[in-house]
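Worksheet: the structure to be examined is printed underneath.
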Amino acid sequence: MSRYFKAEITENISLNKDYSLLTFHPLTSSIDPGPGQFYMIGCVSDGGGSPESPAFKYVYDPLLKRPFSLFRRTDKGFQVLYRIRGKGTAIIRDMRKGAVVDVLGPLGNSYPMPPENKTALVVAGGLGIASVFYLAEKIAGSGGSAHIHYGARTETDLLMVEDLRTIAGTLNISTDDGSCGEQGCVTDMLGDFLAQNQTAAAAGVIYACGPHRMLEAVSVIAKERGIEAYISAEERMACGIGACLGCVIKTVNGYKRVCKEGPVFRAEEIVW
Amino acid sequence: MNLSVDIGKLKLNNPVMTASGTFGYGEEYSEFVDLDRLGAVVVKGLSLQPREGNPPPRIIETPAGMLNAIGLQNIGIGRFVKEKLPFLRRFGTKVIVNFFGDSIEEYSEAARRLSGEEGIHGLEMNISCPNKEAGWCIFGTDPRVTFEVVSAVRKVTDLTLIVKLSPNVTDIATMARAAEEAGADALSLINTITGMAIDAFTRKPKLGNITGGLSGPAVKPVALRMVWEVHKAVKVPIVGMGGIMNAQDAIEFFIAGATAVAVGTANFVKPAAIGDIINGIERFMTDNAVPDVKELIGSLIT
Ligand SMILES: Cc1cc2nc3c(=O)[nH]c(=O)nc-3n(C[C@H](O)[C@H](O)[C@H](O)COP(=O)(O)OP(=O)(O)OC[C@H]3O[C@@H](n4cnc5c(N)ncnc54)[C@H](O)[C@@H]3O)c2cc1C
Ligand SMILES: Cc1cc2nc3c(=O)[nH]c(=O)nc-3n(C[C@H](O)[C@H](O)[C@H](O)COP(=O)(O)O)c2cc1C
Ligand code: FES
């Protein structure tokens, strides 16, 4: 069992022009991932089914693997939900079923599952949903239920909502432009929810992933109300395994590596 | 087939080592690479006191390469000896400690402290660092300063001393000669080439530190040229590095004049890269009827 393996792409579905959902199946035995962990995926593929392809030996642009959160597991393999951003993700989008890629993972730490007497309050901004979906699914699978707050810029940035509905205790949606759900930002929605549901607030654990400013706002809310909160951070990465010191984030205890001590941190630990 | 080479007093089982800063303290990669298979492990650059390093973002990918501005973050020599060295002592592989300082005194003191420790077989001195006393100009860009700092370190250590040259100079051969005359047992090159990346839309630098060091395949032609120039200028062995991704790249460095090679950025791209490179060198030697790797060194046909 190794965290470094070749995987076959079993599905690569375009959700709309900006987002796709990739499923890969390890060709050798791999390690079970936890919610919040991530994979680094190489942007070189062999074009179809040959792990020994010379492409892996001679193609070095794009160079580094790209980090993606584990979205969920299916019988076809591990899924990542991704946005086409630049060179690497554009190449990954064009990879076909049957192609073989280089993968490193699962990497980093996981969200701790909520204790039995606590309720999960999940907050996702934009693609942050990719990091918390599997957590919500695990919570649902173990008989719990998560209150999910999911915000995005506009309707087309809301992803996998139907799937989310099946695993959410409650699902509150917001968009910046009001094209779907409440108009406004997801942190306001969280604030309102906590004000109206004192019991949930008192027994809640917050799990948040999204843009930096959203995470900062979540940590302020959590602090004001004395709620335990976990956030998942993002930084540029090279090695993904704690060796290069490239992915650090400022914490109250100095710089910490997002790929090793993170990506999940206690909200109060981060220097915003 | 003979892969062993000598670097100063060090007898390496094979000529492939890790490049400082790209392999952590060895432990991080032990899951992917058999450390006993390596010629040597070169650890992340250490200083007397721990360093916090630069603000993020510290890494930006560029075409076939990457810029880093880690800022020499490290846990300091004391913690390294206490927490990391015991792990490395479990292996038969040679351990080379990369170190640096802000002043000549700091360099000497660091070298002195490292020299007394069991399990450290060699030192690699990173001179691509700013000199606090001389207005932060880089130790490795003025041959007189290079001579001075290397001489000072030479006086305090009997370990094999490798001086790691900065490529950010006009004439690398002059720098190489200065280090050799000051008593270096070997030279390693190249360190990263200073560069920068800009976001056209925000007009901001992409790195927190504005500038950073370029590494990876993009720098290989520059590195090969510098190894070749230094090989012609000095007698001491050279550890060549810069963009080595596979065995063929490594062979090219031997031909240019390197006695050993170091693998850096490739570890990030493929965590098992260094093992593959050693296997690949053996395969190359078999396929091309090269019984001793030393036959390749400086064998460029012009
Ligand atoms: C722990 C973690 C989890 C992530 N999970 C997801 C996910 O589930 N879905 C998703 O779409 N994206 C995710 N990202 C962001 C994703 O890695 C980047 O969007 C992607 O690397 C962009 O690559 P590119 O080649 O298309 O872009 P380019 O801009 O061409 O990339 C150039 C370089 O910058 C790096 N980079 C660019 N944007 C980011 C970024 N936001 N964060 C980190 N590195 C970046 C790339 O890895 C590459 O090395 C995650 C990032 C991290 C650190
Ligand atoms: C992330 C990173 C950190 C590095 N840290 C150090 C260091 O601490 N000391 C040092 O002498 N060189 C350091 N280097 C330079 C490498 O050891 C090497 O000289 C350079 O990267 C060229 O080799 P490569 O192209 O194979 O990576 C670092 C390089 C990278 C990419
Ligand atoms: S990516 Fe290298 S230490 Fe995190």
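As given, the protein sequences belong to chains Y and C, one line each in that order.
No gaps in the numbering here: position 123 of the first sequence is 172 in the working numbering, and each next residue is one more.
No gaps in the numbering here: position 84 of the second sequence is 90 in the working numbering, and each next residue is one more.
All residues carry an ideal CB built from backbone N, CA and C; glycine is no exception.
Keep in mind that this is a model prediction, so the values were computed, not measured.
Would you tell me roughly how many angstroms separate the C-alpha atoms of MET257(C) and LEU184(Y), rounded to the nearest one? Taking the second sequence and counting its residues from 1, the one referred to as residue 257(C) is at position 251. Taking the first sequence and counting its residues from 1, the one referred to as residue 184(Y) is at position 135. One detail in the question is off: residue 257(C) reads as Ile in this sequence, not Met. The straight-line gap from Cα to Cα measures roughly 48 Å.
Using beta carbons (cut-off 9 Å, strictly below), is GLU284(Y) in contact with chain C? On the first sequence, residue 284(Y) is found 235 positions in, with the first residue counted as 1. At least one chain C Cβ lies under 9 Å of GLU284(Y).
Quick check: what's the CA-CA separation for TYR304(Y) versus SER118(Y)? Against the first sequence, residue 304(Y) aligns to sequence position 255. Against the first sequence, residue 118(Y) aligns to sequence position 69. Distance between the alpha carbons of TYR304(Y) and SER118(Y) is about 22 Å.
Ligand 1 heavy atom lying under 8 Å from the CB of VAL307(Y): Here the question's residue 307(Y) lines up with position 258 in the first sequence. Yes - ligand 1 has a heavy atom lying nearer than 8 Å to the Cβ of VAL307(Y).
I'd like to know if ARG200(Y) contacts chain C, where contact means its C-beta is closer than 9 Å to some C-beta of that chain. Locating residue 200(Y) in the first sequence gives position 151, where the first residue counts as 1. A small fix is needed here, since residue 200(Y) is Gly in this sequence, not Arg. Not one chain C Cβ lies under 9 Å of GLY200(Y).
Name, please, each residue of chain Y whose Cβ falls closer than 9 Å to the Cβ of ASP89(C). Numbered from its first residue, the second sequence carries residue 89(C) at position 83. Looking at the sequence itself, residue 89(C) is Glu, so the reference to Asp does not match. Per Cβ cutoff of 9 Å: no residues; GLU89(C) is ~14 Å from chain Y at best.
Could you tell me the boundaries of the beta strand (DSSP E) in which MET89(Y) lies? By 1-based counting over the first sequence, the position of residue 89(Y) is 40. First-last of the beta strand (DSSP E) with MET89(Y): 87–90.
Using a Cβ cut-off of 9 Å (strictly closer), state whether ARG85(C) contacts chain Y. Taking the first residue of the second sequence as 1, we reach residue 85(C) at position 79. No, its Cβ sits nowhere closer than 9 Å to a Cβ of chain Y.
Any heavy atom of ligand 3 closer than 8 Å to the beta-carbon of GLY291(Y)? Stepping through the first sequence from its first residue, residue 291(Y) is reached at position 242. For GLY291(Y), the shortest C-beta to heavy atom distance toward ligand 3 is below 8 Å.
Nearest-angstrom Cβ-Cβ length linking VAL11(C) and GLY281(C), presumed shorter than 8 Å: Counted from its first residue, the second sequence places residue 11(C) at position 5. Counted from its first residue, the second sequence places residue 281(C) at position 275. The Cβ separation is near 18 Å, so there is no contact.
Compute the distance between the beta-carbons of LEU171(C) and SER221(C), then report whether it is under 9 Å. Taking the second sequence and counting its residues from 1, one reaches residue 171(C) at position 165. Taking the second sequence and counting its residues from 1, one reaches residue 221(C) at position 215. Taking 9 Å as the Cβ cut-off, LEU171(C) and SER221(C) do not qualify as a contacting pair.
In three-state terms, what does DSSP make of PHE105(C)? Taking the second sequence and counting its residues from 1, the one referred to as residue 105(C) is at position 99. DSSP places PHE105(C) in strand when its eight states are reduced to three.
Proximity of ALA169(Y) and HIS198(Y) at Cβ, strictly below 9 Å: Numbered from its first residue, the first sequence carries residue 169(Y) at position 120. Numbered from its first residue, the first sequence carries residue 198(Y) at position 149. It is not a contact, given that the beta carbons lie outside the stated cut-off.
Would you tell me roughly how many angstroms separate the C-alpha atoms of PRO82(Y) and ASP124(Y), rounded to the nearest one? Numbered from its first residue, the first sequence carries residue 82(Y) at position 33. Numbered from its first residue, the first sequence carries residue 124(Y) at position 75. Cα to Cα, the separation comes out at about 14 Å.
Tell me the DSSP secondary structure of MET209(Y) in three-state form. Along the first sequence, one-based indexing puts residue 209(Y) at 160. In the displayed model, MET209(Y) falls within coil according to three-state DSSP, outside both helix and strand.
Between which two residues does the alpha helix (DSSP H) containing CYS52(C) stretch? Taking the first residue of the second sequence as 1, we reach residue 52(C) at position 46. Sequence inspection shows Leu at residue 52(C); the Cys mentioned does not correspond to that position. Unbroken run through LEU52(C) is the beta strand (DSSP E), 46–52; no alpha helix (DSSP H).
Contact between the stretch 134–150 of chain Y and the stretch 215–230 of chain Y is defined here as three or more beta-carbon pairs at a separation below 8 Å; is this criterion met? no
Quick one: does ALA56(Y) have its CB under 9 Å from some CB of chain C? To locate residue 56(Y), count along the first sequence from 1; it is residue 7. Chain C contact via Cβ: absent.
Give the straight-line distance between the Cα atoms of ILE110(C) and MET131(C), rounded to the nearest whole angstrom. Taking the second sequence and counting its residues from 1, one reaches residue 110(C) at position 104. Taking the second sequence and counting its residues from 1, one reaches residue 131(C) at position 125. Distance between the alpha carbons of ILE110(C) and MET131(C): 12 Å.
In its own chain, which residues sit with a C-beta less than 7 Å from the C-beta of ALA251(Y), not counting the 5 before and 5 after it? In the first sequence, residue 251(Y) corresponds to position 202, counting from 1. The beta carbon of ALA251(Y) is closer than 7 Å to none in its chain, skipping five residues each way along the sequence.
Could you list which residues in chain Y have their beta carbon closer than 8 Å to that of GLN55(C), in chain order? Here residue 55(C) is taken as the residue at index 49 of the second sequence, counted from 1. Those do not exist, as GLN55(C) stays about 13 Å from chain Y at its closest Cβ, beyond 8 Å.
Suppose the cutoff is 7 Å on Cβ atoms and the five residues either side in sequence are ignored; what does the same chain contact list for VAL159(C) look like? Stepping through the second sequence from its first residue, residue 159(C) is reached at position 153. Within the same chain, VAL159(C) has close Cβ partners TYR113, SER114, ALA117, MET131, LEU167.
Could you list which residues in chain C have their beta carbon closer than 9 Å to that of PRO111(Y), in chain order? As a first step, residue 111(Y) must be located in the first sequence, where it is residue number 62. Residues of chain C passing the Cβ test: GLU67, PRO69, ALA70.
Sort ASN60(C), THR28(C), MET7(C), SER36(C) by Cα distance to LYS299(Y) and report the nearest one. Here residue 299(Y) refers to the residue found at position 250 of the first sequence. Residue ASN60(C) is the option with its Cα nearest to LYS299(Y).
Using a Cβ-Cβ cut-off of less than 9 Å, give me the residues of the stretch 117–143 of chain C that come near chain Y, in sequence order. Taking 9 Å as the Cβ-Cβ cut-off against chain Y, none of the residues of the stretch 117–143 of chain C qualify.
In the DSSP assignment, the alpha helix (DSSP H) including ASP255(C) goes from what residue to what residue? Counting from one through the second sequence, the residue named residue 255(C) turns up at place 249. Note, ASP255(C): alpha helix (DSSP H), 253–262.
What residue does the beta strand (DSSP E) around ALA182(C) start on, and which one ends it? Taking the first residue of the second sequence as 1, we reach residue 182(C) at position 176. Counting along the chain, ALA182(C) falls outside any beta strand (DSSP E), though it belongs to the alpha helix (DSSP H) covering 178–187.
Hey, would you say VAL349(Y) sits closer than 9 Å to GLU277(Y), going by beta carbons? Only positions 50 to 321 of chain Y appear in this structure, which leaves residue 349(Y) out of reach.
Ends of the beta strand (DSSP E) at MET144(Y)? Counting from 1 along the first sequence, the entry for residue 144(Y) is found at position 95. Per DSSP, MET144(Y) lies in no beta strand (DSSP E) and is assigned neither H nor E.
For the alpha helix (DSSP H) containing GLN247(Y), name the first residue and the last one. Along the first sequence, read from residue 1 onward, the residue named residue 247(Y) stands at position 198. It spans 247–251 - the alpha helix (DSSP H) in which GLN247(Y) sits, taken as one unbroken run.
Need the endpoints of the alpha helix (DSSP H) that THR152(C) sits in, please. The residue labelled residue 152(C) in the question sits at position 146 within the second sequence. Start and end: 149–162.
Out of curiosity, what's the CA-to-CA distance linking ALA190(C) and ILE102(C)? The count along the second sequence starts at 1 and reaches residue 190(C) at position 184. The count along the second sequence starts at 1 and reaches residue 102(C) at position 96. Distance between the alpha carbons of ALA190(C) and ILE102(C) is about 14 Å.
Buried or exposed: which applies to SER305(C), given that a residue is buried once 16 or more other Cβ atoms fall within 10 Å of its Cβ? What you label residue 305(C) is simply residue 299 of the second sequence in a count that begins at 1. Classification of SER305(C): exposed, given that the 10 Å Cβ count is below 16.
Looking at the unbroken alpha helix (DSSP H) that takes in LEU264(Y), where does it start and where does it end? Taking the first sequence and counting its residues from 1, one reaches residue 264(Y) at position 215. Unbroken alpha helix (DSSP H) run through LEU264(Y): 261–274.
With a floor of 3 residues, list each beta strand (DSSP E) that falls wholly inside the stretch 51–125 of chain C, ordered by position along the chain. Counting whole runs of 3 or more residues, the stretch 51–125 of chain C contains the beta strand (DSSP E) stretches 65–68, 71–74, 100–105.
On the DSSP bridge assignment, give the partners of MET202(C) in chain order. Sequence index remark: in the second sequence, residue 202(C) carries index 196 (1-based). According to DSSP, MET202(C) bridges with THR217(C).
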